[in-house]
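Read the structure below first, then the notes.
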Amino acid sequence: MSRALSFGERAEEYDRWRPTYPVEAVAWLAPTPPARVVEIGAGTGRLTSLLLERGCDVDAVEPDPRMRAVLARNNPDARCRASDSTALPVPDGSADAVLVADAWHWFDPVATMEEVRRVLRPGGWLGLVWNVVAEPVEPWEHALAGPDMYDRTTKGGADGVRQRLPLASPDELEFAAFDWVWDLTPDHRAANLATTSMAIAMDPAEREAWLESARAELQGVCDAAGRDSMPIRHRASCTRWTPA
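Okay, so the sequence shown: first residue is 1 according to UniProt numbering, each after it adds one.
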């Protein structure tokens, strides 16, 4: 989790520039209120806020104190807990669902799945969601994404998710995808990319050059279209594991 904790260096920027999730995806992932939901790796609370709006009773678990401070500020009605995915601070059989948004790839899957199984009530599930860039269709989308952007952001599709859930049998898994559009200006695109683990891991000069290139790419597309921003198509890729 050490690299995952690097996001705390940019907690305020992360909170400002990261995207939300479509309500249809949240409705598919979350049980009917007033269910108890444990969210692991809650970050600054993008999904947490939507769960609270839905009427869920939320335990938001986040190990990084800098991220957790923003999480608690944004979501005073959630129980914000300091822990990681292998030691959830909730009793056995107490959760209707455990949800993870754009964070499962940071966890030890076997240890976390065992812990999830411990805290779930009978019939409860683990729900995962990743916000990914939709497969490019328009010429400008291909030019903007680059040859490897779609492959890097899809997390391998359903087959890739199955590999990330080694304790799940095929009949315990469900998949869904929800398309949505994020209207981005060039500056917003660069600011969002600056909060990614890839950018955080770069040295400052390399990071600034990469972000300026990304900003300039979208600026060129906007100029050609006569727009201030462009509708970047995204997909909320969702999975549910209901242990037998």
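Here a beta-carbon is modelled for each residue, glycine too, at the ideal position from N, C-alpha and C.
Treat the numbers as computed from the prediction; the structure is a model and nothing was measured.
Scanning 196, 73 and 224 for the CA closest to the CA of residue 211 turns up 196. Of the residues assessed, residue 186 falls on the buried side of the cut-off, its CB having 16 or more other CB atoms within 10 angstroms. Note: residue 237 is bridge-paired with 130 and 177 in the DSSP secondary-structure output.
CA-to-CA, the gap between residue 172 and residue 226 works out to about 48 Å. The continuous stretches of alpha helix (DSSP H) do not include residue 167, and DSSP gives it neither H nor E. Pairwise C-beta distances place the region 113–126 in contact with the region 92–99, as three or more of them are shorter than 8 Å.
No Cβ-Cβ contact shorter than 8 Å links residue 127 with residue 64. Spanning the alpha carbons of residue 85 and residue 40 requires a straight line of approximately 6 Å. Of 104, 48, 72 and 234, the smallest CA-CA separation from residue 160 is found for 104.
Across the structure, residue 100 and residue 110 are spaced so that their CA atoms are roughly 15 Å apart.
Pairwise C-beta distances place the region 168–184 in contact with the region 225–243, as three or more of them are shorter than 8 Å. Here DSSP, grouped into helix, strand and coil, assigns residue 108 to coil. Between residue 17 and residue 131 the beta-carbon gap is near 13 Å, outside 8 Å, which marks them as no contact. When the Cα atoms are used, residue 175 and residue 214 turn out to be separated by approximately 32 Å.
Straight-line spacing of the CA atoms in residue 51 and residue 112 works out to 21 Å. For the 8 Å CB-CB criterion, residue 56 and residue 33 form a contact.
For residue 235, the closest alpha carbon among the candidates 22, 13 and 224 is that of 22.
Residue range 204–225 is occupied by the alpha helix (DSSP H) that includes residue 222. By the CB criterion at 8 Å, residue 82 and residue 31 fall outside the cutoff. Taking all protein chains shown into account, residue 183 has fewer than 16 neighbouring C-beta atoms within 10 Å of its C-beta and is therefore exposed.
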